[in-house]
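Participant: Sharing a structure, written as structure tokens. Questions coming.
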Amino acid sequence: MADSQSQGQHRLSKSVFPIIERRFFPECPWHRFYPPDVPRALEFPPMRAEQLLLSACDAFPDRVALRYFKANWPYHELRQRVKLVASNLYRYGIRPGDRVMLALPNCPEFVLLWFALHWIGAEIVPANPLYSTDELLHLAEQCEVRAVAGLDLKLAPIARLTRRYSLPLLIVCSLSAHLPRWLRYGYRLKLWLTRWGEINRRTKVIKFKKLYRPEVYPIAEPLLDDPQRPAVLQPTGGTTGVPKLAVLSHANLQANVAQLHAWCGLEPGEESVLCVLPFFHIFGCTVSMLSPLAGGATLLLLPRFDIRRVWSVCRKWRPSVAPMVPFMFAALLDEMERRRQPLEGLKLCFSGAAPLDAAVHHRFEQLTGATIFEGYGLSEASPVTHSNPPGKAARPGTIGVPLPGTLAKLVDRETGCREVGPGEVGELCIRGPQVMQGYLNRPDETAEVIRDGWLHTGDMARQDADGFFRIVDRKKDMIISGGLNVYPTEVEAVLMQHPDIAECAIFGRPHRLFGEQVAAAIVPKPGRPISEASVRAFCEEHLARYKVPRTIEIHQRLPKNFLGKVRRAALRRAG
């Protein structure tokens with residue numbers, strides 16, 4: 002045990018900020034499956050997000066921090082740009098505690114604004130740049146935002162927002178300056194064809210390049226030093242499906258960064274990260290942006306998942322780390338097999354948001370030699386709480402074990418109080434330093450999901466005797482038909498064994514007698530005709546009668562969100 006601890010402290014001491022093993026943490030069954038140099042829990046000096054970046058800038062000033070077309074900025078330049086942008090934001094009236102919405106794709110401007118706003122103590126409200134005006138208005142009103150940063154090509158919804166909401170400041174960002182000449186012409190043509198609509202005259206509009214004005218009095222150091230202050234107000238459907246904002250503090254984010262650094266054992270100042278997960282989502286923000294930058298890695302920025310562009314970046318810059326969601330792994334695998342050319346340089350990948358197909362998992366690792374960490378998280382936990390250990394200890398099909406410093410348990414669905422044993426299905430509850438402070442301005446909803454320090458996730462799971470967890474389904478997605486519980490993922494797993502089915506989704510439809518009945522939406526494989534009768538017969542062969550879909554719909558494609566998750570609510574509404 003002493004050897005294990007000394008190894009852990011030796012490796013963790015290489016982190017950009019000091020991390021040591023925390024004593025007196027409860028021993029849990031899953032701890033024996035931790036890698037030998039990973040402690041049960043961690044201790045580290047509390048730091049704000051911008052301080053994590055400054056530590057990396059001090060440690061690796063000349064290493065490239067990010068690449069995006071023509072932009073190749075070393076850490077010392079990134080620090081100077083952040084300081085300059087922060088000083089100009091202050092000049093335009095942004096103050097500590099103000100809330101600013103970032104409706105941007107992955108780009109250098111997102112990174113600069115994210116850290117510059119924290120530099121002056123502002124709070125960030127990330128938003129999908131494809132949001133409609135109504136969605137932006139809902140966020141703006143909840144948070145009382147003082148400024149919005151948006152992309153010039155996607156500014157029309159924000160322009161309409163200014164006519165419905167009193168917005169003091171609008172920052173217009175453009176990607177044109179970073180693009181090579183042959184792409185810049187196309188960008189400007191597209192911009193010329195774009196119609197924003199009228200912007201409220203009371204809204205001050207500035208172009209991002211004005212935030213580079215050097216004559217402004219510089220703010221040499223961050224204005225705040227309290228890591229318990231809110232850092233990000235993360236939009237989420239929550240554990241109940243009602244849109245709300247999870248308040249994540251700087252301490253929450255730092256804790257998750259420390260957990261990831263300890264768990265993965267990446268070399269500070271040595272890695273390059275494929276940044277294709279959107280930074281406006283907490284998965285991309287923490288795992289693809291903040292954690293790598295805190296470790297002195299190079300970010301390879303991509304504004305969206307385009308397989309040709311992803312392939313080009315991977316071939317040119319050889320990322321060593323790739324956080325992705327399952328459909329991205331499948332697309333990259335298809336591209337490798339189509340080109341008959343594996344990707345080289347990948348060491349480690351993260352997979353989350355949805356289960357990763359076992360065949361894709363195995364084949365991807367086989368072709369690349371990388372290790373895929375399949376895990377679990379949610380916006381309310383900054384987001385990562387579970388991960389499979391590397392190597393032979395991993396158990397495909399599970400979300401793995403809780404990260405260092407994280408406790409997990411399962412409770413019965415009815416009362417939410419009685420803890421259930423191994424093999425039983427219960428609601429997954431999490432306790433750890435990465436768990437949010439609460440929902441913004443929603444004390445009742447906060448009290449409902451955080452009870453006695455435990456975050457009730459709304460996910461139904463099963464734990465084995467060794468402490469590995471397997472998600473069974475979302476509590477809100479579970480179908481109760483005639484008093485019997487039907488878990489959609491269980492039925493979907495059976496349907497995906499059908500040779501003619503490419504994709505499927507199971508959801509509940511209201512029924513007068515049974516409350517709900519099981520419905521299936523199916524996408525057949527190209528050139529494979531399929532009938533409802535054959536699908537139903539296949540299900541009857543493999544499932545209990547009450548789990549067999551009573552309604553079967555054939556679709557060309559399934560409705561999905563930007564992370565590739567099927568939108569079951571849209572399927573329910575369509576019926």
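If you count the sequence shown from 1, you need to add 1 to reach my numbering.
Just so it is clear, CB atoms sit at the ideal spot from N, CA and C, and this is done for glycine as well.
(1) Measuring straight from C-alpha to C-alpha, what distance separates residue 71 and residue 365?
(2) Check the C-beta distance from residue 234 over to residue 100 and give it rounded, since I have them as a contact under 8 Å.
(3) To the nearest angstrom, report how far apart residue 450 and residue 529 are at their CA atoms.
(4) Please tell me whether residue 124 and residue 50 are closer than 8 Å, where the distance is taken between their beta carbons.
(5) Can you list, in chain order, the residues of its chain whose CB lies under 8 Å from that of residue 89, leaving out five sequence neighbours each side?
(6) Considering only residues of the same chain and omitting the five flanking positions on each side of residue 526, which have a CB-CB separation below 6 Å?
(7) Taking residue 548 as the reference, which of 518, 65, 534 and 559 has the closest Cα?
(8) For residue 186, count the other beta carbons within 10 Å of its own beta carbon; 16 or more makes it buried, fewer makes it exposed. Which is it?
(9) Please confirm whether residue 499 and residue 524 have their CB atoms less than 8 Å apart.
(10) Since residue 435 contacts residue 221 with CB under 8 Å, what's their CB separation in whole angstroms?
(11) Could you tell me which uninterrupted beta strand (DSSP E) segments, each at least 3 residues in length, are contained entirely in the stretch 265-348, listed from first to last along the chain?
(12) Distance, Cα to Cα, residue 142 vs residue 166?
(13) Tell me which residues share the same chain as residue 372 and place their Cβ nearer than 6 Å to its Cβ, disregarding the 5 neighbours each side in the sequence.
(14) Tell me where the beta strand (DSSP E) around residue 474 begins and ends.
(15) In the DSSP output, what is residue 440 paired with across the bridge?
(16) Just curious, the alpha helix (DSSP H) that residue 545 is in, first and last residue?
(17) Pull up the CB-CB distance for residue 507 and residue 380, whole angstroms please, since I reckon it's below 8 Å.
(18) Over what stretch of residues does the beta strand (DSSP E) that includes residue 482 continue unbroken?
(19) State yes or no: is the C-beta of residue 352 within less than 8 Å of the C-beta of residue 322?
(20) Does the distance from the C-beta atom of residue 496 to that of residue 521 stay below 8 Å?
(21) Please go through the same chain and pick out, in chain order, the residues whose beta-carbon is closer than 7 Å to the beta-carbon of residue 369, but skip the five residues on each side of it.
(22) If you draw a straight line from the alpha carbon of residue 375 to that of residue 400, how long is it in whole angstroms?
(23) State the DSSP-derived secondary structure class of residue 187, mapped to helix, strand or coil.
(24) Around the Cβ of residue 193, are there at least 16 other Cβ atoms within 10 angstroms (buried) or fewer (exposed)?
(25) Using the Cβ count rule (16 or more neighbours within 10 Å means buried), how would you classify residue 119?
(26) Considering just the uninterrupted stretch of the beta strand (DSSP E) at residue 486, what are its terminal residues?
(27) Can you grab the Cα-Cα spacing for the pair residue 562 / residue 468, in whole Å?
(28) Is the separation between the beta-carbon of residue 23 and that of residue 32 shorter than 8 Å?
(29) Alpha carbons only, please: which of 94, 229, 263 and 266 is nearest the one belonging to residue 253?
(30) Can you grab the Cα-Cα spacing for the pair residue 189 / residue 21, in whole Å?
(31) Buried or exposed: where does residue 308 fall if 16 or more other Cβ atoms within 10 Å of its Cβ makes it buried?
(32) State the Cα-Cα distance for the pair residue 384 and residue 287, rounded to the nearest angstrom.
Facilitator: Taking the structure as given:
(1) 30 Å
(2) 7 Å
(3) 45 Å
(4) Note that the C-beta distance between residue 124 and residue 50 is not below 8 Å.
(5) 211, 212, 213, 214 and 217
(6) The beta carbon of residue 526 sits closer than 6 Å to those of 501 and 503, all from its chain and outside the five residues before and after it, given in chain order.
(7) Distances from the CA of residue 548 to each of 518, 65, 534 and 559 were compared; the closest alpha carbon is that of 518.
(8) exposed
(9) Not closer than 8 Å, so no.
(10) With a Cβ gap of about 31 Å, residue 435 and residue 221 do not count as contacting.
(11) 273-276, 299-302 and 322-325
(12) 8 Å
(13) 349 and 391
(14) 470-475
(15) 247
(16) First-last for residue 545: undefined, no H or E at that position.
(17) In fact, because the Cβ distance is near 24 Å, the residues do not count as touching under 8 Å.
(18) 480-482
(19) The answer is no: Cβ separation not under 8 Å.
(20) It is a contact, given that the beta carbons lie within the stated cut-off.
(21) 343, 344 and 347
(22) 6 Å
(23) helix
(24) exposed
(25) buried
(26) 485-487
(27) 31 Å
(28) no
(29) 229
(30) When rounded, the distance between both Cα atoms is 51 Å.
(31) In this structure residue 308 is exposed. Its beta-carbon is surrounded by fewer than 16 other beta-carbon atoms within 10 angstroms.
(32) In this structure, the alpha-carbon of residue 384 lies about 7 Å from that of residue 287.
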